[in-house]
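Chemist:
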Amino acid sequence: MSHIKIHRNHKRLLTLGWLLCALLVLYALGMADTDTKPSTDTTAAAPADTSIARPLVYTMTIDGVIDVVTNERIAAALKECQENGASLLVILLDTPGGFTTSTWSINKQLLNSPVPVCVFIYPPGARAGSAGVYITYAANFAAMAPSTNIG
377 MSHIKIHRNH KRLLTLGWLL CALLVLYALG MADTDTKPST DTTAAAPADT
427 SIARPLVYTM TIDGVIDVVT NERIAAALKE CQENGASLLV ILLDTPGGFT
477 TSTWSINKQL LNSPVPVCVF IYPPGARAGS AGVYITYAAN FAAMAPSTNI
527 G
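Counting from 377, one number per residue, gives the positions in the sequence shown under the numbering used here.
1) Measuring CB atoms only, is the segment 500-509 touching the segment 460-467, in the sense that at least three cross pairs come out at less than 8 Å?
2) Excluding the 5 residues flanking Leu487 on each side, which residues of the same chain have their C-beta closer than 8 Å to its C-beta?
3) What distance in whole Å lies between the Cβ atoms of Val444 and Ala462, which are believed to be in contact at a cut-off of 8 Å?
4) If you compare alpha carbons, which of Ile450, Gly527, Glu456, Val433 is closest to Asn483?
5) Within 10 Å of its beta-carbon, does Asn525 have 16 or more other beta-carbons around it, so buried, or fewer, so exposed?
6) Would you mind working out which of Asn460, Tyr498, Ser481, Ser427 sits nearest Asp470, comparing C-alpha positions?
7) Quick check: the Cα distance between Gly473 and Gln458, rounded to an integer number of angstroms?
8) Could you pull the start and end residues of the alpha helix (DSSP H) that Ala462 belongs to?
9) Could you compute how far the alpha carbon of Ile428 sits from the alpha carbon of Val441?
10) Less than 8 Å separating the beta-carbons of Ala452 and Tyr434?
11) For the segment 440-521, list the beta strand (DSSP E) runs that are entirely contained and at least 3 residues long, ordered along the chain.
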């Protein structure tokens with residue numbers, strides 16, 4: 377497993393990507409929960425809870441070829457997110473591509489996941505080639521750091 381050394385500017389980009397993905401998810405969840413019917417309840421509303429729950433966001437890095445191991449890692453991450461009530465899984469992606477069968481399996485997992493997924497093509501200079509494109513398509517949200525490419 378490779379590790380990313382994050383410099384100050386890269387850390388800002390990563391934070392902005394996280395925030396963008398989290399805001400998109402929260403917006404989507406808010407839109408899904410809106411009720412178009414006017415309320416007929418005339419009782420006084422209970423005082424609002426002033427404590428704000430922080431969303432739980434998981435991240436994982438895919439840096440390299442998409443293969444069976446990548447498939448297993450994503451399955452484990454999605455399972456952990458679901459078990460712990462995560463609001464979002466952010467996948468930091470830098471891949472030249474990979475195996476078709478692994479890609480289709482990953483896509484099925486992402487499309488059927490109850491936890492929203494954001495693919496963030498990161499760090500600057502990263503690529504989402506071949507299989508990475510299809511994985512990005514399967515995510516609920518996608519973001520790209522500057523100087524990255526997809527295709």
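Even glycine gets a Cβ: it sits at the ideal position worked out from N, Cα and C.
Modeler: Looking at the atomic coordinates:
1) no
2) Ala514
3) No, Ala462 and Val444 are not in contact; Cβ-Cβ is about 24 Å, not under 8 Å.
4) It is Ile450 whose Cα lies nearest to the Cα of Asn483.
5) With a threshold of 16 other beta carbon atoms within 10 Å, Asn525 falls short and is exposed.
6) Tyr498
7) Whole-angstrom Cα-Cα distance: 27 Å.
8) Premise fails: Ala462 is in no alpha helix (DSSP H) and is neither H nor E.
9) Roughly 40 Å separates the two Cα atoms.
10) Contact: no.
11) 464-470, 493-497, 517-520
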